[in-house]
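Protein chains in written order, with numbering that gives the first Met the number 0: chain A, 0 to 388; chain B, 0 to 225. Every residue gets a Cβ at the ideal spot worked out from N, C-alpha and C, and that includes glycine. Report on one structure; see the data block that follows.
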Amino acid sequence: MYAKIAFKGLLRRKWRTLFTSIAIALAVSIMILLVSVGVGLKQGTAMMYEKDVDYWIIPKDSSVTDIVSNSEKTMLGNVHQSIGNISSNPDIRYATPVLNRMLYASNEKEPKLILGLGLIPGNTDKFSIPTNNLTQGDPRFYGKPQTGEILINEKTARLFDLKIGDSVRLGGSSNRLNTSFTVKGIFSETQYSLSPVVVLHLSELQELTGNLRGDRANYIIAQGSNVLDYLRKYFPDTEVMGNSEYSTYSVVSDTKILATAAAVSIVSMLIAVLFISSTMIVSIHEKQHEFALMMAIGISQRSIAKIVIYESIFLSALGAIMGILLSYLGQFVLNMAADRLFEVGQIAVVDPILFIGGITIALFAGIFSGLLPVFMTQRINIVRTLADK
Amino acid sequence: MPHLRTVGLYKTYWLDEIKIQSLIDINLSIEQGEFVAIKGPSGSGKSTLLHLLGCIDTPTMGNVFIKDINVSTMKANALRELRLRELGFVFQHFYLLPVLTAQENIELPMKEAGLPKAQRKQRTMELLDAVGLRERANHMPGQLSGGEQQRIAIARALANNPSIILADEPTGELDSASGRTILELLLKINREYGKTIIVVTHDDSLARQATRIIKLHDGRIVSDVR
């Protein structure tokens, strides 16, 4: 009944409730969008599109999403052997080690740095990179000649004016561009990476970048189902995550994103507290006769506090829901504008954890904003307030 | 044992810098089942006395005893419990919660008292029957006439079966027909349910029906007629 009193109290003042909710929604959506742009920019430098992957096997204290800062971190070794072993599990449809490295590329023009992604092409149709265009497996690793095949994204194609069948030289440094590769396919950069990318066989990238000894890769990805426990047993000293865990991990493990999230969350929360408190104080002032009456007939301070806190929480929850919807819209508009105006693919990636964050912030703001009004109700003088009527 | 008793009751308050002696040495003894009308001109202290008897205000000096318990020394929460279970209030301005239906307004004190939902519903329907408004159970206060609102307020006052009903000018805002209905209802509550009723009123027709009339003037009792 107390929740009903609170809810109907908000309905009674529709416009004030609406405007306050919009203000909270703006604060929440700005928080979500700012952090999602951080996540988006980070994923823009990442080499792997999350939706392609069911399981991530990552060295402890490492990260797969930031190729630059990750380059010198812990790596996995003997990855071809590991992949050979786990691929025998029928529940694993496809698995490959992934090596991320910066490469120099040139085709008559001045060498430029691009992102190299080394993997073992396999039979999978769930990959946004068309690895079927490459020779399957990793023949070079098993002593066969280099395939010299690469896939590039549209950004690389534009940068070097390349089309399928063209050649480009790649190397680990600008003065060692001796190895020639042929473009076997061009894939879309939209929803993938903001950077120029080249995809090649793992061992060929290992050879170019000095990672062949020790057979090293940054991480392993796998497609399949119900193999999380199996993978955790097989790779006991690594972080093995499902895709949903990974989404959270990739955001939380990045201190820059965390710092941004913390800063904008605090600002959003302050804005929400300011709006909710103002509305609640006005509301308490308007309803002090009702509260005085309730006190007169024996309703406890605790019950009255419940009404105030419920009202505050309903207001913040409404703001949070509107904020989430607004952030969806904002994400769509931002990404469309970024793609159309700057041709940079998606720049905002709204992770579900941000929605939880937005709701949490709004609810905390709701509870916190209710405290002062609760205190105000405790100061109500029954006789004087009722006499004022 | 008197149902309600005051001993040397004083109430003083300050209006800006002027000291107002609202009640001076009030000594009263009210028995169970009495219907007491408190009369007097504006500013005579009638409402102040009702507030002190109803434990929503505290005396400057003196004591109020309900069933021989000195309520003047009770803590705020104990007074609230007393108001919830032993005292029923009816105000001049009806004072129903506008966001709750008639039925919910009546249920509110029972909910606070911890009565289970099924019992609350049953008691609410009984009270709606008693005030003749069962068919208005789901109406909002704004959809009820003044007289109907006051009858719902009376039903709410009876919700937790209190022994004392305190009414502050319950017919003050009503037309004469509605006023008569309210008077009849108060008489019924007094006679059939045996409740002690204390009414502050300017309404002579209401006062005439009381078993006792106390007149106040300048904060003092000037007559007390049974």
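In chain order, Lys10, Thr47 and His50 place their CB closer than 8 Å to the CB of aspartate 56/B, counting only its own chain and leaving out the 5 sequence neighbours on each side.
CA-CA distance, methionine 60/B to glycine 7/B, rounds to 7 Å. Between proline 89/A and valine 78/A, the C-beta spacing is not below 8 Å. DSSP places tyrosine 327/A in no beta strand (DSSP E) but in the uninterrupted alpha helix (DSSP H) bounded by 300-336.
Taking every protein chain shown into account, the CB of glutamate 107/A has fewer than 16 other CB atoms within 10 angstroms, so this residue is exposed. Closest by C-alpha distance to aspartate 128/B, out of Ile153/B, Gln91/B, Leu52/B and Gly145/B, is Ile153/B. Neighbours of valine 281/A in chain B, taken as residues at a C-beta separation under 9 Å, are lacking, since the least C-beta distance is about 17 Å.
Within the same chain, Cβ atoms closer than 6 Å to the Cβ of methionine 101/A are found at Leu112, the five residues on either side in sequence being excluded. Fewer than three beta-carbon pairs drawn from the stretch 60-79 of chain B and the stretch 88-104 of chain B are found closer than 8 Å, and the two stretches are therefore not classed as touching. When only Cα atoms are considered, glycine 209/A and glycine 117/A end up about 13 Å apart.
From the listed residues Arg225/B, Asp217/B and Gly113/B, the smallest Cα separation to isoleucine 23/B is found for Asp217/B.
Contacts with chain B at 8 Å (Cβ-Cβ) include lysine 7/A. For lysine 110/B, the C-beta contacts it makes with chain A under 7 Å involve Met0, in order along the chain. It is roughly 14 Å from the alpha-carbon of aspartate 253/A to the alpha-carbon of glutamate 244/A. Straight-line measurement puts the Cα of proline 58/B at about 34 Å from the Cα of glutamate 147/B.
By the neighbour-count criterion, in which a residue is buried when 16 or more other Cβ atoms sit within 10 angstroms of its Cβ, valine 221/B is exposed.
In this structure serine 282/A is in contact with glutamate 310/A, their Cβ atoms being roughly 7 Å apart against a cut-off of 8 Å.
A contact is defined here as three or more CB-CB pairs under 8 Å, and the stretch 365-380 of chain A meets this definition with respect to the stretch 307-327 of chain A. Taking a Cβ-Cβ threshold of 7 Å, the residues of chain B close to valine 382/A are His50, Ile55 and Asp56, in chain order. Unbroken beta strand (DSSP E) stretches of 3 residues or longer found wholly inside the stretch 93-164 of chain A: 111-118 and 148-152, given in chain order. Cα atoms of serine 127/A and serine 166/A: separation of roughly 23 Å, rounded to the nearest angstrom. In the DSSP annotation of this structure, the continuous segment of the alpha helix (DSSP H) that includes valine 382/A starts and ends at 381-387.
According to the DSSP assignment, methionine 109/B belongs to the alpha helix (DSSP H) that extends over 101-111. Exclusion of the five residues before and after lysine 194/B leaves Ile164 and Ile188 as the residues of its chain whose Cβ lies within less than 6 Å of its Cβ.
For glutamine 222/A, the enclosing beta strand (DSSP E) stretches over residues 218-223. The beta carbon of arginine 4/B sits closer than 6 Å to the beta carbons of Ser28 and Phe64 from its chain, once the five residues preceding and following it are set aside; these are given in chain order.
Taking 8 Å as the cut-off, the beta carbon of isoleucine 56/A is found no closer than this to the beta carbon of isoleucine 82/A. At a Cβ-Cβ threshold of 8 Å, isoleucine 270/A and alanine 26/A count as neighbours. For glutamate 238/A, the secondary structure class from DSSP, reduced to helix, strand or coil, is strand. Within chain A, the residues placing a beta-carbon under 9 Å from that of glutamate 80/B are Gly297 and Ser299, ordered along the chain.
Only residues of its own chain outside the window of five on either side were considered, and among them Ala36, Lys38, Ala206 and Val224 have a CB closer than 7 Å to the CB of isoleucine 212/B, listed in chain order.
Following the DSSP letters along the chain, one finds asparagine 76/B inside the alpha helix (DSSP H) bounded by residues 75-84. Positions of the beta strand (DSSP E) runs, each at least 3 residues long and wholly inside the stretch 128-169 of chain B, are given as 163-167 in order along the chain. For asparagine 62/B, the enclosing beta strand (DSSP E) has its first and last residue at 60-65. In this structure, DSSP gives threonine 11/B an extended state, which the three-state scheme calls strand. Its chain contains Asn159 as the residues whose beta carbon lies nearer than 6 Å to that of arginine 84/B, once the 5 sequence neighbours on both sides are disregarded; these appear in chain order.
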